[in-house]
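*Asks:*
4 protein chains.
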Amino acid sequence: MLQYDYQIRVRYADVDQMGYVYYGHYPRYYEIGRAELLRSIGFPYKRLEEEGVMCPVAAIHIRYLRAPCYDELITIRTTIKKLPSTHVTFKMEVFLESGKLANAGEVKLAFVDAKTMKTTYAPKNLLEKIHPYFEKAN
Amino acid sequence: MLQYDYQIRVRYADVDQMGYVYYGHYPRYYEIGRAELLRSIGFPYKRLEEEGVMCPVAAIHIRYLRAPCYDELITIRTTIKKLPSTHVTFKMEVFLESGKLANAGEVKLAFVDAKTMKTTYAPKNLLEKIHPYFEKAN
Amino acid sequence: MLQYDYQIRVRYADVDQMGYVYYGHYPRYYEIGRAELLRSIGFPYKRLEEEGVMCPVAAIHIRYLRAPCYDELITIRTTIKKLPSTHVTFKMEVFLESGKLANAGEVKLAFVDAKTMKTTYAPKNLLEKIHPYFEKAN
Amino acid sequence: MLQYDYQIRVRYADVDQMGYVYYGHYPRYYEIGRAELLRSIGFPYKRLEEEGVMCPVAAIHIRYLRAPCYDELITIRTTIKKLPSTHVTFKMEVFLESGKLANAGEVKLAFVDAKTMKTTYAPKNLLEKIHPYFEKAN
Chain H
58 MLQYDYQIRV
68 RYADVDQMGY
78 VYYGHYPRYY
88 EIGRAELLRS
98 IGFPYKRLEE
108 EGVMCPVAAI
118 HIRYLRAPCY
128 DELITIRTTI
138 KKLPSTHVTF
148 KMEVFLESGK
158 LANAGEVKLA
168 FVDAKTMKTT
178 YAPKNLLEKI
188 HPYFEKAN
Chain A
58 MLQYDYQIRV
68 RYADVDQMGY
78 VYYGHYPRYY
88 EIGRAELLRS
98 IGFPYKRLEE
108 EGVMCPVAAI
118 HIRYLRAPCY
128 DELITIRTTI
138 KKLPSTHVTF
148 KMEVFLESGK
158 LANAGEVKLA
168 FVDAKTMKTT
178 YAPKNLLEKI
188 HPYFEKAN
Chain Z
58 MLQYDYQIRV
68 RYADVDQMGY
78 VYYGHYPRYY
88 EIGRAELLRS
98 IGFPYKRLEE
108 EGVMCPVAAI
118 HIRYLRAPCY
128 DELITIRTTI
138 KKLPSTHVTF
148 KMEVFLESGK
158 LANAGEVKLA
168 FVDAKTMKTT
178 YAPKNLLEKI
188 HPYFEKAN
Chain U
58 MLQYDYQIRV
68 RYADVDQMGY
78 VYYGHYPRYY
88 EIGRAELLRS
98 IGFPYKRLEE
108 EGVMCPVAAI
118 HIRYLRAPCY
128 DELITIRTTI
138 KKLPSTHVTF
148 KMEVFLESGK
158 LANAGEVKLA
168 FVDAKTMKTT
178 YAPKNLLEKI
188 HPYFEKAN
């Protein structure tokens, strides 16, 4: 299992007139979570695109429980539970400053060859970075 | 059943460097779809808030199949399949200009009393507007 | 002079916790205004990029007077006062549903050759579309 | 003079199909810059609203020179050059990872009494926090 926590602050731009983060803002937060997880293992997402692999999102699911307010320092927890193959699924959790769970979800991305635009496997050098975390998990 | 189609144009702000609408933009499109469905039956969402009812989103699910490009005129199809009770679920479909399905999803909203912040039932005058569509459906 | 009015509705996503459109949302509205002006003369912005010309924004200026609320139907008035050369300046005005001026500004775009990434002149076929409006103006 | 540098990373959501940050994204970056300047002197913006003062933006100006790409770590430099009175002006500069200036601008905010909705003076306790930086500047 591979897990990474990253903190971001809620900005004025993110909050709607109910006084809470707009529900449509979480996909961006989730993007930040998975980007920082990949950076933490030495394989920034940018490198995927440089190597000719695109990762369009295939599906997203979010369950909203509580919503953070302006200026809260929230924690985005990103988890990969299963070794990627043609797809990778990120389990997502966002925590309020109080530690309570704000929302939870999943984002499933496909690996796509940028030339052929067809689904492909996760690049070998990405898998090499991820593997060690799954050996430990057993 | 209550269904409504609404067209919007994809803007430069909505498209990412893959050349397609950013995956996090659809919750905004979905919001537009359900707002226009409610307007079409003479009960704009704004009135809900004016009557002391808030509708925070409880869950969203999106399956992405194809992505529209800049300047495409997409169609947002919003469907209510079941009479609302304490929650209402909007079935969402977005179609490319070519007519192909771009993505499909669901958004579930709760009815919340703005004073007590507790879950409540859909307001009677909203239900009165929705009822006729479900009588016809039988 | 070339002028075009286009109406759009303020969405929940656009409004902040003061209950008004977030100040950072107007560049998107302005983008919509100039895109629709160009479409109205038969030269959608997309065609510029198809012909190898990019139009990065060189400068923007906005003066905020009043702010629209959720669900207001606002009018974006876009005006070209001077024939484009290496740059084009769009004068922008946004009006509330009441007709009052919400904000006014200017956006200056450069014409850039997508291959050389150097400033170039407005394409001839765009100028041919714009010319008639300036002859009439005298 | 009061100046503060804050670094943020460009996200996929922020970049358009030219491959650069969308021009309309800078107001959000600028918001982050001034929020972090205020936090750095011990007066987070949130406290202004808690004390009944709202700060709507009165004007913004941005000159765009170069644009950052996806995943760049940019620096937002925020400067207050003049003691606030009924308004406060933030001078803004954004620097690329290379150190080059990406864009420069100004944001002018009004102090507004949230009850009367009329322009007011900067709160005394905010001025007390800012004063020391201006004494030193002479």
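Which chain is which? The protein sequence lines are H, A, Z and U, in order.
The first sequence maps to residues 58 to 195 in my numbering.
The second sequence maps to residues 58 to 195 in my numbering.
The third sequence maps to residues 58 to 195 in my numbering.
The fourth sequence maps to residues 58 to 195 in my numbering.
Even for Gly, the Cβ is constructed at its ideal location relative to N, Cα and C.
Per DSSP, what kind of secondary structure is glycine 90/Z in: helix, strand or coil?
*Replies:* As a working note, residue 90/Z is residue 33 in the third sequence. It is helical.
*Asks:* Please return the same chain residues whose Cβ sits closer than 8 Å to the Cβ of proline 101/U, not counting the five positions on each side in sequence.
*Replies:* Position 44 of the fourth sequence holds residue 101/U. For proline 101/U, where only same-chain residues beyond five positions count, the Cβ hits under 8 Å are Ala92, Leu95.
*Asks:* Give a yes or no on whether the C-beta atoms belonging to tyrosine 127/A and valine 72/A are separated by under 7 Å.
*Replies:* Numbered from 1 along the second sequence, position 70 holds the residue referred to as residue 127/A. Numbered from 1 along the second sequence, position 15 holds the residue referred to as residue 72/A. In contact: tyrosine 127/A and valine 72/A (Cβ atoms closer than 7 Å).
*Asks:* Once DSSP output is grouped into helix, strand and coil, what is the label at lysine 186/A?
*Replies:* Here residue 186/A is taken as the residue at index 129 of the second sequence, counted from 1. The answer is helix: DSSP assigns lysine 186/A an H, G or I state.
*Asks:* Could you give the residue range of the alpha helix (DSSP H) that holds arginine 120/H?
*Replies:* Here the question's residue 120/H lines up with position 63 in the first sequence. Element bounds for arginine 120/H: not the alpha helix (DSSP H) but the beta strand (DSSP E), 114-121.
*Asks:* With a threshold of 16 other CB atoms inside 10 Å of the CB of glycine 90/H, please say whether the residue is buried or exposed.
*Replies:* The residue labelled residue 90/H in the question sits at position 33 within the first sequence. Its Cβ being crowded by 16 or more others within 10 Å, glycine 90/H is buried.
*Asks:* For alanine 70/H, which of helix, strand or coil comes out of DSSP?
*Replies:* On the first sequence, residue 70/H is found 13 positions in, with the first residue counted as 1. Helix at alanine 70/H.
*Asks:* Opposite isoleucine 137/H in the DSSP bridges: which residues?
*Replies:* Residue 137/H sits at position 80 when you count from the first residue of the first sequence. Per DSSP, Leu59/H, Phe147/H.
*Asks:* Identify the residues that DSSP records as bridge partners of leucine 166/U: which are they?
*Replies:* For the purposes of this step, residue 166/U is taken as residue 109 along the fourth sequence, with counting starting at 1. Leucine 166/U pairs with Val114/U, Val145/U.
*Asks:* Can you pull the chain H residues whose beta carbon is under 8 Å from the beta carbon of tyrosine 86/Z, in chain order?
*Replies:* As a first step, residue 86/Z is located in the third sequence; it is residue number 29 there, counting from the start. Within chain H, no residue comes near tyrosine 86/Z; the closest Cβ sits about 15 Å away, beyond 8 Å.
*Asks:* For tyrosine 77/H, write down the residues that DSSP places opposite it in a beta bridge.
*Replies:* In the first sequence, the residue the question calls residue 77/H occupies position 20. Cys126/H, per the DSSP bridge assignment.
*Asks:* Between Glu106/H, His118/H, Thr132/H, Val110/H, which lies nearest to valine 67/H when the distance is taken from Cα to Cα?
*Replies:* As a position in the first sequence, residue 67/H is number 10, starting the count at 1. Closest option to valine 67/H, Cα to Cα, is Thr132/H.
*Asks:* Helix, strand or coil for leucine 153/Z, going by three-state DSSP, please let me know.
*Replies:* If you number the third sequence from 1, residue 153/Z lands on position 96. Note: leucine 153/Z maps to coil in three-state DSSP.
*Asks:* What distance in whole Å lies between the Cβ atoms of glutamate 108/Z and proline 189/Z, which are believed to be in contact at a cut-off of 8 Å?
*Replies:* Your numbering for residue 189/Z matches position 132 in the third sequence. Your numbering for residue 108/Z matches position 51 in the third sequence. Not a contact, Cβ separation roughly 20 Å.
*Asks:* Distance, Cα to Cα, leucine 140/H vs leucine 166/H?
*Replies:* What you label residue 140/H is simply residue 83 of the first sequence in a count that begins at 1. What you label residue 166/H is simply residue 109 of the first sequence in a count that begins at 1. Those two C-alpha atoms are separated by around 13 Å.
*Asks:* Strictly under 7 Å for the Cβ-Cβ distance: is valine 151/H near chain Z by that measure?
*Replies:* The residue you call residue 151/H lines up with position 94 of the first sequence. Chain Z, which has no Cβ nearer than 7 Å to the Cβ of valine 151/H, makes this no.
*Asks:* Let's test the definition: count the other Cβ atoms within 10 Å of the Cβ of leucine 59/H and tell me whether it reaches 16, buried, or not, exposed.
*Replies:* Position 2 of the first sequence, counted from the first residue, corresponds to residue 59/H. Buried, because 16 or more other Cβ atoms sit within 10 Å of the Cβ of leucine 59/H.
*Asks:* Assuming tyrosine 80/H contacts valine 78/A (C-beta within less than 8 Å), just tell me the rounded distance between them.
*Replies:* If you number the first sequence from 1, residue 80/H lands on position 23. If you number the second sequence from 1, residue 78/A lands on position 21. Between valine 78/A and tyrosine 80/H the Cβ distance is about 18 Å, and since that is not below 8 Å, they are no contact.
*Asks:* Rounded to whole angstroms, what's the CA-CA distance from tyrosine 69/H to lysine 103/U? Just pull it up for me.
*Replies:* Indexing the first sequence from 1 puts residue 69/H at position 12. Indexing the fourth sequence from 1 puts residue 103/U at position 46. Taking the straight line from one Cα to the other gives about 10 Å.
*Asks:* What's the C-alpha gap between threonine 146/U and lysine 138/U?
*Replies:* Here residue 146/U is taken as the residue at index 89 of the fourth sequence, counted from 1. Here residue 138/U is taken as the residue at index 81 of the fourth sequence, counted from 1. Distance between the alpha carbons of threonine 146/U and lysine 138/U is about 8 Å.
*Asks:* Among the candidates Lys157/Z, Arg85/Z, Ala159/Z, Ser142/Z, whose CA atom is the shortest distance from the CA of leucine 183/Z?
*Replies:* Walking along the third sequence from the start, residue 183/Z turns up at place 126. Measuring from the Cα of leucine 183/Z, the nearest candidate turns out to be Ser142/Z.
*Asks:* Would you please verify whether the beta carbon of arginine 104/H is less than 7 Å from any beta carbon of chain A?
*Replies:* Taking the first sequence and counting its residues from 1, one reaches residue 104/H at position 47. Not closer than 7 Å to any Cβ of chain A, the Cβ of arginine 104/H fails to qualify, so no.
*Asks:* Taking only the alpha-carbon atoms, compute the straight-line gap between cysteine 112/Z and aspartate 62/Z and give it to the nearest angstrom.
*Replies:* As a working note, residue 112/Z is residue 55 in the third sequence. As a working note, residue 62/Z is residue 5 in the third sequence. Answer to the nearest angstrom: the Cα atoms are 21 Å apart.
*Asks:* Rounded to the nearest angstrom, what separates lysine 148/Z and lysine 172/A at their Cα positions?
*Replies:* Position 91 of the third sequence, counted from the start, is the residue given in the question as residue 148/Z. Position 115 of the second sequence, counted from the start, is the residue given in the question as residue 172/A. Each residue's alpha carbon lies about 44 Å from the other.
*Asks:* Hey, could you find the ends of the alpha helix (DSSP H) tyrosine 102/A is sitting in?
*Replies:* Taking the first residue of the second sequence as position 1, residue 102/A is located at position 45. Here the alpha helix (DSSP H) through tyrosine 102/A covers 102-107.
*Asks:* Can you tell me whether threonine 176/H is buried or exposed? The criterion is at least 16 other CB atoms within 10 Å of its CB, across all chains shown.
*Replies:* If you number the first sequence from 1, residue 176/H lands on position 119. Counting Cβ neighbours within 10 Å, threonine 176/H comes out exposed, since fewer than 16 surround it.
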